[in-house]
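Numbering (our numbering), first residue to last: 96 to 284.
This report concerns only the one structure given below.
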Amino acid sequence: MTRTAIVVVALFVLAAVASANPVAYDAIYVSFDPDDIMPEIPPPAPGAVMCAYVWVELMDQGYFGFTTVAFRMGNTPGLDIVPMGFIPEPGFAVTGDWTSGYYVTTPCRDDFPVVVGCAQFQYVSGTGAITLSQHPVHGPFMYDCESTPGIVAYCVWWHGSIGVDQMMGDCGGNPVEDFSWTAIKGLYR
Numbered sequence: 096m097t098r099t100a101i102v103v104v105a106l107f108v109l110a111a112v113a114s115a116n117p118v119a120y121d122a123i124y125v126s127f128d129p130d131d132i133m134p135e136i137p138p139p140a141p142g143a144v145m146c147a148y149v150w151v152e153l154m155d156q157g158y159f160g161f162t163t164v165a166f167r168m169g170n171t172p173g174l175d176i177v178p179m180g181f182i183p184e185p186g187f188a189v190t191g192d193w194t195s196g197y198y199v200t201t202p203c204r205d206d207f208p209v210v211v212g213c214a215q216f217q218y219v220s221g222t223g224a225i226t227l228s229q230h231p232v233h234g235p236f237m238y239d240c241e242s243t244p245g246i247v248a249y250c251v252w253w254h255g256s257i258g259v260d261q262m263m264g265d266c267g268g269n270p271v272e273d274f275s276w277t278a279i280k281g282l283y284r
């Protein structure tokens, strides 16, 4: 009886831990604050120079960090901006531009979330979003920090919204794995 109770309690604990584990993907997103998550802002004054900070969030617990991420910046119709370049955070190097995409490299980073840099732009008028999309040549990828780097695909968690409701990306709404009780029991048979 005691042994059965211990097994049942252990299975409930494992189920709780499994349901709290994140989905195996990595995400990038835009924030208008380098120190906090701020995915939407009201329209600034015309002519204001702004930063859309690109953040990387490691969601997969199977490896430990990244050295490279590639993406492209853009904006939705209705938002009139002038792209001004990408200013990498200290320790990062960048090549590319808004149109051709950015390729950002660094020594292994495993302190998440991490800001890789500022996509600087001048606000002209309108409302919409500063968008992230896959790099036109390299696709949606990051190199991980393993001794033989592996390519890891990412999703966009959200874009940076200006004067509109938060614009979600392609990650989906639930960062929790869907486990059934049968699947959890099957791990221990």
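Glycine included, C-beta positions come from ideal geometry on N, C-alpha and C.
- C-alpha of SER126 to C-alpha of VAL164: approximately 17 Å in a straight line.
- The C-beta separation of TYR124 from PRO134 comes to about 7 Å, placing the pair in contact by the 8 Å criterion.
- Taking each of GLY255, CYS213, ARG204 and VAL259 in turn and checking the Cα distance to LEU153, the smallest one comes out for ARG204.
- Rounded to whole angstroms, the gap between the alpha carbons of PRO137 and GLN215 is 17 Å.
- Between GLY212 and PRO183, the gap from beta carbon to beta carbon is short of 9 Å.
- In the three-state DSSP reduction, ALA143 falls in the coil class, being neither helix nor strand.
- Between MET263 and GLU241, the alpha-carbon positions lie close to 30 Å from each other.
- TYR249 is the residue among LEU227, ASP265, VAL177 and TYR249 whose C-alpha sits nearest the C-alpha of GLY160.
- In the three-state scheme derived from DSSP, where H, G and I count as helix and E and B as strand, GLY245 is classed as coil.
- Between GLY221 and ASP260, the alpha-carbon positions lie close to 14 Å from each other.
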